[in-house]
Amino acid sequence: MVGIPKKKNEEHPVLKNAHLFYERINELTKKHSKPKEDFFGAAPNIFVGRYGYPNINVGILSNEQVTDEYDDPLIWYNKNFDIPRIVSLRSFLINSNFKSHVKSFNDRLLEMTQEVGMAKKPVDVEINLEKKPHYKLEVGADITPYGPTVKLKKAALTENPSIPSKVQKVFSDTDLKAVSAIDYLSKNEFDEHYLTKLLSAGTLGVKTERKLVPTRWSITAVDDTLGKRNIKKIKEYEHKMNYQVYTGDYMGNYYIIMFFPEIWSYELFESYMPNDAWKLKELNTFTDYEDYNSRKEYAYNTVGGYYAARLPVTELLLREKKQGSALLLRFVTDDYWVPLGVWVIRQTVRRTLSNKPLEFGSKEEMIKHVKDKIKNEFRYDSTNLLEKSILLRNLSTQTKISKFL
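All residue numbers for the sequence shown refer to the working numbering, where the first residue is 2 and numbers rise by one.
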């Protein structure tokens, strides 16, 4: 898994864009019923903060009349929920939190947090807060947003949580490494969102190494673990991808994905594409890259989106049983007016790669098509953008490692 990030990218274009629209968010939260200081409700998830690590805030996300759709990105995607609806759902979840050390598990509140984290559906709870909350939306570049944060006074489960037997199995196996547990559960069709809950709650891994993991880090760790597992297999394939371009979009996120018939490498560009991009000489862009030998440090520029986008790319290569180099261009338009978490990236890339690709006879033909596509779609000349690509530069100038494999 990736190491703990030592710094954060606060200037990410999506996060920057969100602050311009807080008035719109506030209008959506005004529609909620008045929040209560004490209530019986349901908790679909937890939120583990990262500030002050290893002494951090641990929160139970809950409210009255909460159902599955308050915390399930696949429901949102499959039912085509729009941004206002997702914002309305997420802002309703109260983050009732308390302070804890990441390795302090001898506490009833932490036991309760783990049970909520392992549950497959929302757990009925009784919550007592220190004060009455006021609705707002907490957002971040990687995390799924949630509502107000209030200190927890007291909490209790009012039902036994529904925990799948395979999850109970890995929780009970205190000799099983977290990476192996994630691999096992993924192969048994538990999705990334659920695996993130389990890792955050400190329910996976060897007993002496178990600890609470900040939600932002656990999201990236799950994507990175599954991606690395897939890449290891991909490097064994002799056949290579053709020159192919996939295009797709979802909720204002537009992707152009290029494959090259080379050994594994991967590069992601994330650019904010305003409506008046044609006036700009250069876009607000972030990029990260890895060659055949993988990254040695965290992707500080594109952060969690790097690993979330890489995972579906590896899934496609596994299905094709081919190796290849992948260059992803993500354009964030004004339609994506608030960040909803890296699940949007993961699902948009999966959606894009489910479309029929265009094939080309050469790298030059493919790149010309991509430039024309961007010019037609956004009225923007992407020449300067593509000139920054390490992947394209390496394909053009370096001796191919594949000759020695």
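Just so you know, even glycine gets a beta-carbon here, dropped at the ideal spot from N, CA and C.
query: Using the three-state DSSP reduction, which class does Ser-92 fall into: helix, strand or coil?; result: helix
query: Please identify the residue among Tyr-293, Asn-356 and Lys-374 whose C-alpha is closest to the C-alpha of Asn-395.; result: Tyr-293
query: Please determine, among Glu-316, Arg-25, Lys-369 and Tyr-238, the residue with the shortest C-alpha to C-alpha distance to Lys-323.; result: Tyr-238
query: Distance check for Ala-142 and Ile-87, CA to CA, integer angstroms please.; result: 16 Å
query: Assign Glu-193 to one of two classes, buried (16 or more other C-beta atoms within 10 Å of its C-beta) or exposed (fewer than that).; result: buried
query: Specify the secondary structure class of Glu-271 as computed by DSSP and reduced to three states.; result: strand
query: Taking 7 Å as the cut-off, is the C-beta of Tyr-256 nearer than that to any heavy atom in the ligand NAP?; result: With respect to small molecules bound, the structure shown includes none, and the ligand NAP cannot be examined in it.
query: Counting only the same chain and skipping the five closest in sequence on each side, list residues whose C-beta sits under 8 Å from that of Asp-176.; result: Val-207 and Lys-208
query: Among Lys-280, Tyr-255, Pro-313 and Leu-329, which one has its Cα closest to the Cα of Tyr-290?; result: Leu-329
query: Among the residues of its own chain, which have a CB less than 7 Å from the CB of Lys-389, if the five just before and after it don't count?; result: Thr-288
query: For Glu-112, which option in Leu-186, Ile-47 and Lys-372 has the closest C-alpha, if you only look at C-alpha atoms?; result: Ile-47
query: Taking the alpha-carbon of Thr-349 as reference, which of Arg-380, Arg-320, Tyr-256 and Thr-286 has the nearest alpha-carbon?; result: Tyr-256
query: Would you say Pro-215 and Tyr-244 are within 8 Å of each other, going by their C-beta atoms?; result: no
query: I'd like to check one pair, Leu-94 with Gly-148: are the Cβ atoms closer than 8 Å?; result: yes
query: Counting only the same chain and skipping the five closest in sequence on each side, list residues whose C-beta sits under 6 Å from that of Ser-272.; result: Leu-284, Thr-286 and Phe-332
query: Using a 10 Å radius around the Cβ and a threshold of 16 neighbouring Cβ atoms, would you call Tyr-195 buried or exposed?; result: buried
query: Which residue spans inside the stretch 317-356 form an unbroken beta strand (DSSP E) run of at least 3?; result: 326-333
query: Do Leu-407 and Asp-39 have their CB atoms nearer than 8 Å?; result: Residue 407 falls outside the range modelled here, since the chain spans only 2 to 406, and no answer is possible.
query: Assuming Val-126 and Thr-159 make a contact with CB atoms under 8 Å, what is their CB distance in whole Å?; result: 6 Å
query: Between Lys-7 and the rest of its own chain, which residues show a CB-CB distance below 8 Å, the 5 nearest in sequence each way excluded?; result: Confidence in Lys-7 is poor, its pLDDT being 44 and thus under 50, which makes the residue's placement unreliable; the coordinate value appears in the next sentence. Tyr-299, listed in sequence order.
query: Please state the DSSP three-state secondary structure of Phe-172.; result: helix
query: Given a cut-off of 8 Å, decide if Arg-311 and Gly-228 are closer than it, judged by their beta-carbon atoms.; result: yes
query: Where do the ends of the beta strand (DSSP E) carrying Ser-63 lie?; result: 56-64
query: Could you give the residue range of the beta strand (DSSP E) that holds Ile-183?; result: Ile-183 -> not in any beta strand (DSSP E); alpha helix (DSSP H) instead, spanning 179-188.
query: Measure how close the beta-carbons of Ala-120 and Asp-224 come, nearest whole angstrom, since I'm counting them as under 8 Å.; result: Actually they do not touch by this definition, with Cβ atoms about 22 Å apart.
query: Mind checking Lys-198: buried by the 16 CB within 10 Å criterion, or exposed?; result: buried
query: Is the distance from the Cβ of Asp-382 to the Cβ of Gly-253 below 8 Å?; result: no
query: Please name the residue, chosen from Ser-397, Glu-65, Arg-211 and Trp-265, that lies closest to Lys-234 on a Cα-to-Cα basis.; result: Trp-265
query: Output the distance between the C-alpha atoms of Val-59 and Lys-364, rounded to the nearest integer angstrom.; result: 49 Å
query: In whole angstroms, what is the alpha-carbon distance linking Ala-327 and Val-246?; result: 10 Å
query: Under the three-state reduction of DSSP, which class applies to Tyr-195: helix, strand or coil?; result: helix
query: Only counting the same chain, and skipping five residues up and downstream in sequence, which positions put a Cβ closer than 6 Å to that of Phe-379?; result: Met-274 and Ala-278
query: Do you know whose CA, among Thr-315, His-33 and Thr-114, lies nearest Ser-201's CA?; result: Thr-114
query: Please tell me whether Leu-205 and Val-171 are closer than 8 Å, where the distance is taken between their beta carbons.; result: yes
query: What does the alpha-carbon distance come out to for the pair Ser-219 and Val-343?; result: 12 Å
query: Measure from the alpha carbon of Phe-106 to the alpha carbon of each residue in Thr-334, Arg-211 and Asn-302, then state which is nearest.; result: Arg-211
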